[in-house]
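K.L.:
There are 2 protein chains.
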Amino acid sequence: MTDRTVTIDIRRDLFGANEDAAKINAAEFKKHDIHAFDIMGSVGTGKTLLIESLCERLSARYRILMVAGDLATRIDADRVESHGIDTVQINTGSACHLDARMVRLALKNVDLSKYQVAFIENVGNLICPAGYSLGVDKKIVVLSITEGPYMVRKHPLTIKRADIIVINKIDLADVLDFDVEVLVKDVREVDALLPVYKVSSKTGQGIDDLIRGLGL
Amino acid sequence: MTDRTVTIDIRRDLFGANEDAAKINAAEFKKHDIHAFDIMGSVGTGKTLLIESLCERLSARYRILMVAGDLATRIDADRVESHGIDTVQINTGSACHLDARMVRLALKNVDLSKYQVAFIENVGNLICPAGYSLGVDKKIVVLSITEGPYMVRKHPLTIKRADIIVINKIDLADVLDFDVEVLVKDVREVDALLPVYKVSSKTGQGIDDLIRGLGL
Numbered sequence: 009m010t011d012r013t014v015t016i017d018i019r020r021d022l023f024g025a026n027e028d029a030a031k032i033n034a035a036e037f038k039k040h041d042i043h044a045f046d047i048m049g050s051v052g053t054g055k056t057l058l059i060e061s062l063c064e065r066l067s068a069r070y071r072i073l074m075v076a077g078d079l080a081t082r083i084d085a086d087r088v089e090s091h092g093i094d095t096v097q098i099n100t101g102s103a104c105h106l107d108a109r110m111v112r113l114a115l116k117n118v119d120l121s122k123y124q125v126a127f128i129e130n131v132g133n134l135i136c137p138a139g140y141s142l143g144v145d146k147k148i149v150v151l152s153i154t155e156g157p158y159m160v161r162k163h164p165l166t167i168k169r170a171d172i173i174v175i176n177k178i179d180l181a182d183v184l185d186f187d188v189e190v191l192v193k194d195v196r197e198v199d200a201l202l203p204v205y206k207v208s209s210k211t212g213q214g215i216d217d218l219i220r221g222l223g224l
Numbered sequence: 009m010t011d012r013t014v015t016i017d018i019r020r021d022l023f024g025a026n027e028d029a030a031k032i033n034a035a036e037f038k039k040h041d042i043h044a045f046d047i048m049g050s051v052g053t054g055k056t057l058l059i060e061s062l063c064e065r066l067s068a069r070y071r072i073l074m075v076a077g078d079l080a081t082r083i084d085a086d087r088v089e090s091h092g093i094d095t096v097q098i099n100t101g102s103a104c105h106l107d108a109r110m111v112r113l114a115l116k117n118v119d120l121s122k123y124q125v126a127f128i129e130n131v132g133n134l135i136c137p138a139g140y141s142l143g144v145d146k147k148i149v150v151l152s153i154t155e156g157p158y159m160v161r162k163h164p165l166t167i168k169r170a171d172i173i174v175i176n177k178i179d180l181a182d183v184l185d186f187d188v189e190v191l192v193k194d195v196r197e198v199d200a201l202l203p204v205y206k207v208s209s210k211t212g213q214g215i216d217d218l219i220r221g222l223g224l
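Have a look at this one:
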């Protein structure tokens, strides 16, 4: 080590800068009275279809913006846009999560005064996004019963940092011979008060309850 | 900036050190004639059941070691151990992937001369593990048809870095009305020569073909 070498606390630096940007995003959302949600979950848990399902029910009452995070492609944004919803795509390249600065940059050229609700679909990943605040009102973690019974027990930190848990694809419970209550019980053990919604974005089951849970 | 501040290429530093450790692991595996496989895939794609299914068919012919990577718990290792397979657990805490140094440390107290095959189950994540070599013979990426049709298109880098693609849970294709060939076609577009195996770890379909593909 030369005396030009300094030790940098990378973690603190990364997360510190992110928290600052998250506060700016939160202030922007508040200024425009926007209810903002960060929707997290592994790949293929049905985050996009959930947003489509929410937009179908909400677009008559709210003007909605969807921000789509993905490594590559704008497949999800296009799907939501087909419902007449405005979308912004963030492609992260190889980054496994959105951060507050990406969201800030993406919103720079958006006229936020046009919107009342913002759904931010995070990169499909159950681990990385949980560590980065985006400045939203509520962090929603989407689990799918197709992922098996251990999702909660294996990801206690992600669950702890969530404000709402959505258990999706419950229409497949019979076919998969899956006991949804196992996941609910595991969530209760991590946080007894965390709201859990059992839904099927495909059939619409449970979506109205979730909407009430979002305060919309 | 003071003159005590230096710019560090974190990426290069992190990946460089990992490559060095991966070479040491590779040399160790080679020294003991061990066929080593890094099994990657998102949470709930059935990596553990795939390893259980492989072990069932291979344990009469090979002495097998399973290394299980997870944020928390040793659920997966216990499942594989119940088949009489030796296991080592690595809990990464909040890290979204294994790296070569974790594997090196985990194998430090293992007598590798006892084994001929090593299955390393990476942390359940389709994005992060792809960037880190562990020193194995082959990187296997497991996709599940329950994750929907966009897995390949959304993760071109992960697919490019794989040696073998396994499409799992094909027994659910009818129930989910899912066309498995869509995924195969997308893989072909990323890499026309990449071997793709369509399997069901649950029913055993395709597992013998996969075993031949692993050279076992």
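Taken in order, these protein sequences are the chains called R and P.
9 is the number of the first residue of the first sequence in this note's numbering; add one for each residue after it.
9 is the number of the first residue of the second sequence in this note's numbering; add one for each residue after it.
No residue lacks a Cβ here, since even glycine has one placed at the ideal position from N, Cα and C.
Following the continuous beta strand (DSSP E) through V207 (chain P), name the residue where it begins and the one where it ends.
P.N.:
As a working note, residue 207 (chain P) is residue 199 in the second sequence. No beta strand (DSSP E) contains V207 (chain P), which DSSP labels as neither H nor E.
K.L.:
Tell me which same chain residues have a C-beta within less than 7 Å of the C-beta of K213 (chain P), skipping the five on either side of it?
P.N.:
Locating residue 213 (chain P) in the second sequence gives position 205, counting from the first residue. Note that residue 213 (chain P) is Gln in the sequence shown, not Lys. Closer than 7 Å at Cβ, skipping near neighbours: I178, D179 and V207.
K.L.:
Taking 9 Å as the CB-CB limit, is L180 (chain P) close to chain R?
P.N.:
Mapped onto the second sequence, residue 180 (chain P) falls at position 172. Answer yes: the Cβ-Cβ gap between L180 (chain P) and chain R drops below 9 Å somewhere.
K.L.:
Which runs of the alpha helix (DSSP H) fall wholly inside the region 134 to 216 of chain R and span at least 4 residues, in chain order?
P.N.:
159 to 162, 164 to 168 and 188 to 198
K.L.:
Please confirm if I83 (chain P) has its CB atom under 9 Å from at least one CB of chain R.
P.N.:
Position 75 of the second sequence, counting from 1, holds the residue named residue 83 (chain P). Closer than 9 Å: yes.
K.L.:
Whose C-beta lies closer than 6 Å to the C-beta of T154 (chain P) among residues of the same chain, with five residues either side of it excluded?
P.N.:
Taking the first residue of the second sequence as position 1, residue 154 (chain P) is located at position 146. Excluding sequence neighbours, T154 (chain P) sits near K177.
K.L.:
Is the region 57 to 70 of chain P close to the region 60 to 78 of chain R, with three or more CB pairs under 8 Å?
P.N.:
no
K.L.:
Quick check on this structure: which residue in R:N117, R:M48, R:V150 and R:E189 has the alpha carbon closest to the alpha carbon of L106 (chain R)?
P.N.:
For this step, residue 106 (chain R) is matched to residue 98 along the first sequence. When the alpha-carbon of L106 (chain R) is set against those of R:N117, R:M48, R:V150 and R:E189, the nearest one is in R:M48.
K.L.:
Do you know offhand how far A76 (chain P)'s Cα is from A29 (chain R)'s?
P.N.:
Here residue 76 (chain P) corresponds to residue number 68 of the second sequence, with the count starting at 1. Here residue 29 (chain R) corresponds to residue number 21 of the first sequence, with the count starting at 1. Looking at the two C-alpha atoms, the distance is approximately 36 Å.
K.L.:
Measure from the alpha carbon of K55 (chain P) to the alpha carbon of each residue in P:K210, P:G223, P:D217 and P:A80, then state which is nearest.
P.N.:
In the second sequence, the residue the question calls residue 55 (chain P) occupies position 47. The option with the nearest alpha carbon to K55 (chain P) is P:K210.
K.L.:
Report, in whole angstroms, the separation of the C-beta atoms of T81 (chain P) and E89 (chain P), which I expect to be a contact under 8 Å.
P.N.:
Residue 81 (chain P) sits at position 73 when you count from the first residue of the second sequence. Residue 89 (chain P) sits at position 81 when you count from the first residue of the second sequence. Their Cβ separation, rounded to whole angstroms, is 13 Å, which puts T81 (chain P) and E89 (chain P) out of contact at 8 Å.
K.L.:
Between the Cα of M110 (chain P) and the Cα atoms of P:I32, P:D194, P:V192 and P:I215, which residue gives the shortest distance?
P.N.:
Reading the second sequence from its first residue, position 102 is the one you call residue 110 (chain P). Checking every option, the nearest Cα to that of M110 (chain P) belongs to P:I32.
K.L.:
Is it right to say V183 (chain P) is buried, meaning 16 or more other beta carbons lie within 10 angstroms of its own, or is it exposed?
P.N.:
Taking the first residue of the second sequence as 1, we reach residue 183 (chain P) at position 175. By the 10 Å Cβ count, V183 (chain P) comes out exposed.
K.L.:
What does the alpha-carbon distance come out to for the pair Q124 (chain P) and G223 (chain P)?
P.N.:
In the second sequence, counting from the first residue as 1, residue 124 (chain P) sits at position 116. In the second sequence, counting from the first residue as 1, residue 223 (chain P) sits at position 215. The alpha-carbon atoms of Q124 (chain P) and G223 (chain P) are separated by roughly 12 Å.
K.L.:
Output needed for A85 (chain P): all residues of its chain with C-beta closer than 6 Å, excluding positions within five of it in sequence on either side, in chain order.
P.N.:
Counting from 1 along the second sequence, the entry for residue 85 (chain P) is found at position 77. Excluding residues within five positions, the ones whose Cβ falls inside 6 Å are A76, T95 and Q97.
K.L.:
Apart from the five residues on each side of it in sequence, which residues of its chain come closer than 6 Å, Cβ to Cβ, to G139 (chain R)?
P.N.:
Working through the first sequence from its first residue, we reach residue 139 (chain R) at position 131. None.
K.L.:
Short of 8 Å in beta carbon distance, which residues of its chain neighbour V51 (chain P), apart from the five on each side in sequence? Order them along the chain.
P.N.:
Here the question's residue 51 (chain P) lines up with position 43 in the second sequence. Within the same chain, V51 (chain P) has close Cβ partners G132 and N133.
K.L.:
What residues of chain R sit near K162 (chain P), judged by a beta carbon separation below 8 Å?
P.N.:
The count along the second sequence starts at 1 and reaches residue 162 (chain P) at position 154. In chain order: V51, D78, L79, A80, T81, I83 and G132.
K.L.:
Is there a Cβ of chain P sitting closer than 9 Å to that of T211 (chain R), yes or no?
P.N.:
Locating residue 211 (chain R) in the first sequence gives position 203, counting from the first residue. Closer than 9 Å: no.
K.L.:
So, for D171 (chain R): in the same chain, excluding its five sequence neighbours on each side, which residues have a beta-carbon less than 6 Å away from its beta-carbon?
P.N.:
Taking the first residue of the first sequence as position 1, residue 171 (chain R) is located at position 163. Excluding positions up to five away in sequence, the list reads K146 and K147.
K.L.:
To which residues does DSSP link G86 (chain R) through a beta bridge?
P.N.:
For the purposes of this step, residue 86 (chain R) is identified with residue 78 of the first sequence, where counting begins at 1. Sequence inspection shows Asp at residue 86 (chain R); the Gly mentioned does not correspond to that position. Under the DSSP definition of a beta bridge, D86 (chain R) lacks any partner.
K.L.:
Name the one or two DSSP bridge partners that E129 (chain P) has.
P.N.:
Numbered from 1 along the second sequence, position 121 holds the residue referred to as residue 129 (chain P). DSSP lists P:I47 and P:A76 as partners of E129 (chain P).
K.L.:
Note down, in chain order, each residue of its chain lying with its Cβ closer than 7 Å to the Cβ of V195 (chain P), except the 5 sequence neighbours on either side.
P.N.:
Position 187 of the second sequence, counted from the start, is the residue given in the question as residue 195 (chain P). Contacts found: V160, I167, I173, L202 and V204.
K.L.:
Using a Cβ-Cβ cutoff of 9 Å, what residues of the region 133 to 147 of chain P are near chain R? List them in chain order.
P.N.:
N133, L134, I135, C136, A138 and G139
K.L.:
In the region 148 to 159 of chain P, which residues sit with their C-beta less than 8 Å from some C-beta in chain R, listed in chain order?
P.N.:
Within the region 148 to 159 of chain P, the qualifying residues are S152, T154, E155, G156, Y158 and M159.
K.L.:
Less than 6 Å between C-beta atoms, sequence neighbours within five positions excluded: which residues of the same chain meet that for A44 (chain R)?
P.N.:
Within the first sequence, numbered from 1, the residue matching residue 44 (chain R) stands at position 36. For A44 (chain R), where only same-chain residues beyond five positions count, the Cβ hits under 6 Å are F37, A126, V144 and D145.
K.L.:
Alpha carbons only, please: which of R:R169, R:D217, R:G156 and R:L165 is nearest the one belonging to E189 (chain R)?
P.N.:
Counted from its first residue, the first sequence places residue 189 (chain R) at position 181. Among R:R169, R:D217, R:G156 and R:L165, the Cα nearest to that of E189 (chain R) belongs to R:G156.
K.L.:
Would you kindly work out how many angstroms separate the C-alpha atoms of D41 (chain R) and L73 (chain R), rounded to a whole number?
P.N.:
Position 33 of the first sequence holds residue 41 (chain R). Position 65 of the first sequence holds residue 73 (chain R). About 13 Å.
K.L.:
Does G54 (chain R) have its Cβ less than 9 Å from a Cβ in chain P?
P.N.:
Taking the first sequence and counting its residues from 1, one reaches residue 54 (chain R) at position 46. Yes, because at least one Cβ of chain P sits closer than 9 Å to the Cβ of G54 (chain R).
K.L.:
Out of curiosity, what's the CA-to-CA distance linking A103 (chain R) and H91 (chain R)?
P.N.:
Position 95 of the first sequence, counting from 1, holds the residue named residue 103 (chain R). Position 83 of the first sequence, counting from 1, holds the residue named residue 91 (chain R). Cα-Cα distance, rounded: 28 Å.
K.L.:
Do the CB positions of L79 (chain R) and L218 (chain R) come within less than 9 Å of each other?
P.N.:
On the first sequence, residue 79 (chain R) is found 71 positions in, with the first residue counted as 1. On the first sequence, residue 218 (chain R) is found 210 positions in, with the first residue counted as 1. The answer is no: Cβ separation not under 9 Å.
K.L.:
The beta strand (DSSP E) that contains T56 (chain P), what's its start and end?
P.N.:
For the purposes of this step, residue 56 (chain P) is taken as residue 48 along the second sequence, with counting starting at 1. DSSP places T56 (chain P) in no beta strand (DSSP E) but in the uninterrupted alpha helix (DSSP H) bounded by K55 to L66.
K.L.:
Which partner residues does V96 (chain P) have in the DSSP bridge list?
P.N.:
Taking the second sequence and counting its residues from 1, the one referred to as residue 96 (chain P) is at position 88. Looking at the DSSP assignment, V96 (chain P) forms a beta bridge with P:V75.
K.L.:
Leaving aside the five residues before and after I135 (chain P) along the sequence, list all residues of the same chain whose C-beta is less than 8 Å from its C-beta, in chain order.
P.N.:
The residue you call residue 135 (chain P) lines up with position 127 of the second sequence. Cβ within range, chain order: C104, H163 and T166.
K.L.:
Find out if the Cβ-Cβ distance for the pair I175 (chain R), L151 (chain R) is shorter than 9 Å.
P.N.:
One-based indexing of the first sequence puts residue 175 (chain R) at position 167. One-based indexing of the first sequence puts residue 151 (chain R) at position 143. In this structure, I175 (chain R) sits near L151 (chain R), with a CB-CB distance shorter than 9 Å.
K.L.:
Ends of the alpha helix (DSSP H) at V111 (chain R)?
P.N.:
By 1-based counting over the first sequence, the position of residue 111 (chain R) is 103. Looking at the DSSP string, the run of the alpha helix (DSSP H) that includes V111 (chain R) is A108 to L115.
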